[in-house]
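Colleague:
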Amino acid sequence: VRTAILISGRGSNMAALLAAARDPGFPAEIALVLANRADAGGLATAAAAGIPTAVVPSREYGRDRAAHEAAVQAVLEAHGIGLVCLAGYMRLLTPWLVERWAGRMLNIHPSLLPAFPGLDTHARALAAGARLHGCTVHWVTEAMDAGPILAQAAVPVLPGDDEAALADRVLAQEHLLYPAALRLAAGGAVAWPAPAAVLSNPLP
Ligand code: GRF
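Under the numbering used here, the very last position in the sequence shown is 223; numbers go up by exactly one each time.
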């Protein structure tokens with residue numbers, strides 16, 4: 020499956036996906052890394068790995084999210100993309116794009132959803148006194164960080180943890196979880212919505 024990774028920043032999850040996809044048996048081919056900012060650090064990493072990159076700068080579109088997404092969609096189509104992984108892509112998507120990629124777009128989020136959707140998840144987990152924290156890969160739907168969950172990894176919150184220590188512990192798991200989840204999704208081992216054959220109960 021020709022897969023695009025969408026990033027806004029350093030792209031460490033992107034790098035983990037690229038590394039996994041080097042395995043010839045991996046069911047996803049990373050065919051494009053697309054950023055919404057020209058200064059996303061991950062672009063250089065992708066280019067160094069020989070992966071085609073594209074920038075569709077959201078700043079140039081201001082509040083016109085529809086126009087920005089139309090440009091993103093055009094790039095995805097031009098590259099023949101069949102699956103999209105959001106990896107630190109810090110831009111809310113409109114229903115228009117989400118609908119186009121329903122069942123073909125994944126996101127990684129740094130909390131055990133449904134706990135702590137949104138930003139500052141590690142600080143909020145600490146403030147809430149959570150004993151367990153982690154990360155989630157989910158299918159992207161219209162509601163932010165609320166799509167069907169594909170995979171999760173948990174880590175303990177340890178005494179003395181600060182935000183950075185907890186973020187590091189979660190990030191190490193993100194780098195294992197996202198490739199594992201992409202392997203399942205691209206290989207067809209998991210699907211959402213579930214295939215019709217699975218949904219239909221035989222009548223008595
Ligand atoms: C990760 O923690 C990811 O879960 C969140 O943003 C961060 C991106 O980090 N959505 P990176 O760009 O993959 O290094």
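All C-beta atoms, glycine included, are put in the ideal place defined by N, C-alpha and C. In this text, all values refer to a predicted model and were calculated from it rather than measured experimentally.
Any heavy atom of ligand 1 closer than 6 angstroms to the beta-carbon of ALA63?
Modeller: The residue given as residue 63 occupies position 44 in the sequence shown. Not under cutoff, so the answer is no.
Colleague: Comparing C-alpha positions only, which one of GLU182, THR160, GLY207 sits nearest to GLY153?
Modeller: The count along the sequence shown starts at 1 and reaches residue 153 at position 134. Ranking GLU182, THR160, GLY207 by Cα distance to GLY153 puts GLU182 first.
Colleague: Check HIS98 in the structure and name its three-state DSSP category.
Modeller: Here residue 98 refers to the residue found at position 79 when the sequence shown is read from its first residue. Note: HIS98 maps to coil in three-state DSSP.
Colleague: Provide the residue(s) that pair with ARG123 in DSSP beta bridges, ordered along the chain.
Modeller: As a position in the sequence shown, residue 123 is number 104, starting the count at 1. ARG123 is not bridged to any residue.
Colleague: Here's the rule I'm using: 16 or more other beta-carbon atoms within 10 Å means buried, otherwise exposed. How should ARG78 be labelled?
Modeller: Residue numbering aside, residue 78 sits at position 59 when the sequence shown is read from its first letter. With fewer than 16 other Cβ atoms within 10 Å, it is exposed.
Colleague: Taking contact to mean 3 or more Cβ pairs, one atom from each stretch, closer than 8 angstroms, check whether the stretch 180-196 and the stretch 121-130 are in contact.
Modeller: yes
Colleague: Have a look at GLY107, ALA165, LEU53, GLY166 and flag the residue whose alpha-carbon is nearest the alpha-carbon of HIS87.
Modeller: By 1-based counting over the sequence shown, the position of residue 87 is 68. Nearest option by C-alpha distance: LEU53.
Colleague: Quick one: what does DSSP say PRO76 is sitting in, helix, strand or coil?
Modeller: For the purposes of this step, residue 76 is taken as the residue at position 57 of the sequence shown. Three-state result, PRO76: coil.
Colleague: Given a threshold of 16 other Cβ atoms within 10 Å of its Cβ, counted over all protein chains shown, does ALA149 qualify as buried or as exposed?
Modeller: Taking the sequence shown and counting its residues from 1, one reaches residue 149 at position 130. Around the CB of ALA149, 16 or more other CB atoms lie within 10 Å, so the residue is classed as buried.
Colleague: Measuring alpha carbon to alpha carbon, tell me which of GLU48, TYR108, SER31, ALA50 ends up nearest VAL75.
Modeller: In the sequence shown, the residue the question calls residue 75 occupies position 56. That would be TYR108, whose Cα lies nearest to the Cα of VAL75.
Colleague: Does the Cβ of ARG202 have 16 or more other Cβ atoms within 10 Å, making it buried, or fewer, making it exposed?
Modeller: Position 183 of the sequence shown, counted from the first residue, corresponds to residue 202. So ARG202 counts as buried.
Colleague: Do you know how far the Cα of LEU169 is from the Cα of VAL103?
Modeller: One-based indexing of the sequence shown puts residue 103 at position 84. One-based indexing of the sequence shown puts residue 169 at position 150. Here the alpha carbon of VAL103 sits roughly 14 angstroms from the alpha carbon of LEU169.
Colleague: Is it true that the CB of TRP211 sits closer than 7 angstroms to the CB of GLY69?
Modeller: Position 50 of the sequence shown, counting from 1, holds the residue named residue 69. Position 192 of the sequence shown, counting from 1, holds the residue named residue 211. Their beta carbons are not under 7 angstroms apart, which means GLY69 does not touch TRP211 by this criterion.
Colleague: Do you know how far the Cα of PRO178 is from the Cα of ARG84?
Modeller: As a position in the sequence shown, residue 84 is number 65, starting the count at 1. As a position in the sequence shown, residue 178 is number 159, starting the count at 1. Distance between the alpha carbons of ARG84 and PRO178: 42 angstroms.
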